[in-house]
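Visitor: Residues 7 to 647 (the working numbering) are what the sequence shown spells out, left to right.
The beta-carbon is built from N, C-alpha and C at its ideal position, and this holds for glycine as well.
For reference, the structure I am asking about is given below.
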Amino acid sequence: MTALAYKYHSQRARKRKKAKLNFKALVSTGTASLNLALASVINRLPNTTSISHPKSPRHPSWFYIQNMDCKSWGSRDIVFLCIIVLSLIHVSLGAKVRHFKWEVEYMYGAPDCQEHVVMGINGQFPGPTIRAKAGDTIVVDLTNKLHTEGVVIHWHGIRQLGTPWADGTASISQCAINPGETFEYRFKVDRPGTYFYHGHYGMQRSAGLYGSLIVDMADGEKEPFHYDDEFNLLLSDWWHKSVHEQEVGLSSNPFRWIGEPQSLLINGRGQYNCSLAAKFSNSSISQCKFKGNEKCAPQVLKVRPNKTYRLRIASTTALASLNLAIKGHKMVVVEADGNHVQPFAVNDLDIYSGESYSVLLKTDQNPYKNYWVSIGVRGRDPKTNQALTLLSYSATPASKLPTTQPPVTPRWDDYNHSKAFTKSIYALMGSPQPPKTYDRRIILLNTQNRLNGFVKWAINNVSLVLPSTPYLGSIKFGLNNAFDQKSPPDNYDSSYDIMKPAPNQNTTQGSGVYSITLNTTVDVILQNANALAKDVSEIHPWHLHGHDFWVLGYGEGKFKDGDEKTFNLKNPPLRNTAVIFPFGWTALRFVADNPGVWAFHCHIEPHLHMGMGVIFAQGVHRVGQIPKEALACGLTGNKQN
């Protein structure tokens, strides 16, 4: 590699501007992604030699530094960048490799006190919690013991910088792991935050294949807020009907909807045939009587008075949007999807599938009482009872139930309540800011349609079908016959009336890809519309793999020219999941700086199963050597990497 230099006199102003912008981006990525982030910074400098990701398995960042003549750049900004990079490398040397050996299998369980088959890991449901520190490498040897179906695991919120094949998306980043086979997931967790993992093959998330992934601050680093202890709340919904039966119904003509969940679960525990608060219910449901060792008994949050607790909350629901409240206690929101936000206090919070939050809770109430923690359904007419557990002060036995009723979940269609919470989220001061302009705008119309009589969800009138060969391999090796070569449209017919059912409700299927130029800025406008039935428009939480995006704004009705004047470019939150409200739009912006092939889809499990997603590909030629096991199927099965 030759020394990096450029023409100082002619491009000095441009150089200093880029150095400042990219320095902020570099710091925000954390030490684990240092190698790729540094390469991105250097590659954007004028008149420099392009750097590809080196193959050194240990500390390849030294490779960059050894070939960087910082003094020759002639700029204090660039020299300062070198100093910071060296400091980050020093911190990264303390990172650990954390090994896990997992076996995925079906087993009997009773998540809501009714015995059913669940999908577990090492005999656990939910799966084991992974706990690591920023900069650590996670290695999971995953063995498929399902006997008759494949499996993959997606590490939700982990950007997979430099390891796109470890994203865990069947037919996109890798082949499904066949029964009896073992696949090694190896990736770095580059930033602290509240994350989780889940199955991403068929509807295995609905079957219970999920667990928590918590990334703490690196050694020597501190959160911008104080707390004494913490709890982890992983929220999910649960059906008594098997996922295989659900899948058949969704793919049938006539269409058979999965219905509302039978139960809501907190850390895999809920109650279907009884309630902790039966005496406050209008139904005939019986009072739960637990001894404490039942697998469906609630996990009580035992706290000490006058302390501050961090609640890490993540939603891996297949369908339900949720609301969480704690009787008599306010919560201060401090984190969203692994990114710090400006703290703000709430009495309750809405959380959509794919989202995560951290809130701070002060135990400043009467310590001789216990308090309800309630989870209820939002966005859909609820036919599912609240999930309940207790916030129990140390001076009070956990068996002592509160004498007042649990918090009442806001009415399911009170969207003003939902929007007020969502629009209160702003990035913490000092967070990375979005580019001021975009290079490409993609407007994605969300519609419910029919295809040869079958009910589908479509984006710009294309319902996504995944190919048998993973996109990452087929694009890497130029296998143009592996998927549709026609790119999906960037927009939809401007005459389309989003407020009414479409006159022509038919759609098409496709496996095409949005090819995005590496390091460009992309705006995505998610446009909601009327579904098949009149006056029906559903909530859709959209999740982007491989990136975070800035949420620039929300609006009512159809997005139109001039709406960008309302965008928040000052302190928009960075998220990986964002909701579009009924008959409205949501504007997102991201930088396509992570080579790979990435899914972008509605996180409602049956909606994705019915085609509600798109595929973004960027810089695949820059992806390094892909493990053979990731591509051992379809047309890449005989390819040598």
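M616: which of T409, K506 and V468 sits nearest, CA to CA?
Guide: Measuring from the Cα of M616, the nearest candidate turns out to be V468.
Visitor: Among F460, R628 and L451, which has the Cα closest to the Cα of V530?
Guide: Ranking F460, R628 and L451 by Cα distance to V530 puts L451 first.
Visitor: Where do the N-terminal and C-terminal ends of the alpha helix (DSSP H) with I481 fall, by residue?
Guide: Y477 to K482 is the extent of the alpha helix (DSSP H) around I481.
Visitor: Return the residue from the list R104, T175 and C119 that minimises the CA-CA distance to G619.
Guide: Closest option to G619, Cα to Cα, is T175.
Visitor: Could you check if R417 is buried or exposed, using at least 16 other CB atoms within 10 Å of its CB as the buried criterion?
Guide: Classification for R417: exposed.
Visitor: In whole angstroms, what separates the C-alpha of K151 from that of C639?
Guide: Rounded to the nearest angstrom, the two C-alpha atoms are 19 Å apart.
Visitor: With 16 other CB atoms within 10 Å as the buried threshold, where does Q166 fall?
Guide: The residue is buried, with at least 16 neighbouring Cβ atoms inside 10 Å.
Visitor: Measuring alpha carbon to alpha carbon, tell me which of E229, E190 and Q252 ends up nearest P211.
Guide: A small fix is needed here, since residue 211 is Arg in this sequence, not Pro. Cα-wise, what sits closest to R211 is Q252.
Visitor: With respect to 7 Å, is the separation between the Cβ of P412 and the closest non-hydrogen atom of the ligand ATP below this value?
Guide: What this structure holds is no ligand at all, so the ligand ATP is not there to describe.
Visitor: Is it a yes or a no for the stretch 407–414 touching the stretch 326–335, going by three-plus beta-carbon pairs under 8 Å?
Guide: Contact between the stretch 407–414 and the stretch 326–335 is present, because at least three Cβ pairs lie under 8 Å.
Visitor: For E635, which residues of its own chain have a beta-carbon under 7 Å away from its beta-carbon, when the five flanking residues on both sides are left out?
Guide: Only F189 meet the Cβ criterion.
Visitor: Compare the Cα-Cα distances from V626 to each of Y520, A584, R595 and K295 and report the closest residue.
Guide: For the residues Y520, A584, R595 and K295, the minimum Cα distance to V626 belongs to Y520.
Visitor: Applying the criterion that 16 or more other CB atoms from any shown protein chain within 10 Å of the CB defines a buried residue, is R137 buried or exposed?
Guide: R137 should be labelled exposed.
Visitor: Just to confirm my understanding: we take I504, look at its own chain, exclude 5 residues before and 5 after, and list those with CB closer than 6 Å. What are they?
Guide: Once the five neighbours on either side are set aside, the close Cβ partners of I504 are A535 and K564.
Visitor: Leaving out the 5 sequence neighbours to the left and right, which residues in its chain are closer than 6 Å to T322 when beta-carbon positions are compared?
Guide: These residues qualify, in order along the chain: F202, H204, Y216 and S242.
Visitor: By Cβ distance below 6 Å, which residues in the same chain neighbour R447 in space, the five residues on each side in sequence not counted?
Guide: The answer, listed in chain order, is D529.
Visitor: Contact check, H553 vs W604 under 8 Å by CB: the rounded distance?
Guide: 7 Å between Cβ atoms; contact.
Visitor: What residues are listed by DSSP as bridge partners for I332?
Guide: For I332, which the question treats as bridged, DSSP gives the partners V379.
Visitor: Alpha helix (DSSP H) containing H615: first to last residue?
Guide: Unbroken alpha helix (DSSP H) run through H615: E611 to H615.
Visitor: Any idea what DSSP makes of F29, helix, strand or coil?
Guide: Because the pLDDT at F29 is just 42, under 50, the model does not fix this residue reliably, and the point stays unresolved.
Visitor: Evaluate the contact criterion for the stretch 256–265 versus the stretch 127–134: three or more CB pairs, one atom per stretch, below 8 Å.
Guide: Taking 8 Å as the limit for Cβ pairs, the verdict is that the stretch 127–134 does not touch the stretch 256–265.
Visitor: Could you give the residue range of the beta strand (DSSP E) that holds T428?
Guide: Careful: T428 lies outside any beta strand (DSSP E), inside the alpha helix (DSSP H) at Y421 to T428.
Visitor: Quick check on the DSSP output: the beta strand (DSSP E) that includes V249 runs from which residue to which?
Guide: Taken as a continuous stretch (DSSP letters only), V249 belongs to no beta strand (DSSP E), being part of the alpha helix (DSSP H) at V249 to L256.
Visitor: Put P412 into one of helix, strand or coil per three-state DSSP.
Guide: Correct three-state label for P412: coil.
Visitor: Using 8 Å for Cβ pairs, my map puts L478 next to P170. What's the rounded Cβ distance?
Guide: Confirmed, about 6 Å.
Visitor: Select from H346, L550, F427 and F587 the residue whose C-alpha is nearest the C-alpha of L614.
Guide: Closest option to L614, Cα to Cα, is L550.
Visitor: Would you list the residues sitting across from H549 in a DSSP beta bridge?
Guide: DSSP, once it has assigned bridges, lists T583 and H607 as partnering H549.
Visitor: Determine whether the beta carbon atoms of W548 and R595 lie at a separation below 8 Å.
Guide: Cβ atoms of W548 and R595: not closer than 8 Å.
Visitor: What residue range does the beta strand (DSSP E) around K139 cover?
Guide: Taken as a continuous stretch (DSSP letters only), the beta strand (DSSP E) holding K139 covers I136 to K139.
Visitor: Cα-Cα, which of K492, A508 and Q491 is closest to D499?
Guide: The shortest Cα separation from D499 among K492, A508 and Q491 belongs to A508.
Visitor: For S179, which residues does DSSP report across the bridge?
Guide: Paired residue(s): none; S179 is not in a bridge.
Visitor: So L396 and A404 are in contact, right, with Cβ under 8 Å, and what is the actual spacing, rounded?
Guide: At roughly 6 Å, the Cβ-Cβ gap stays under 8 Å, so L396 and A404 are in contact.
Visitor: Would a C-beta distance cut-off of 8 Å place M337 and V306 closer than the cut-off?
Guide: Not closer than 8 Å, so no.
Visitor: Tell me which same chain residues have a C-beta within less than 8 Å of the C-beta of T514, skipping the five on either side of it?
Guide: L457, A464, N467, V468 and S469, listed in sequence order.
Visitor: With 16 as the cutoff for other CB atoms within 10 Å, does T369 come out buried or exposed?
Guide: The residue in question, T369, is buried, as its Cβ has 16 or more Cβ neighbours within 10 Å.
Visitor: Can the beta-carbon of V103 be found closer than 8 Å to that of T154?
Guide: Not closer than 8 Å, so no.
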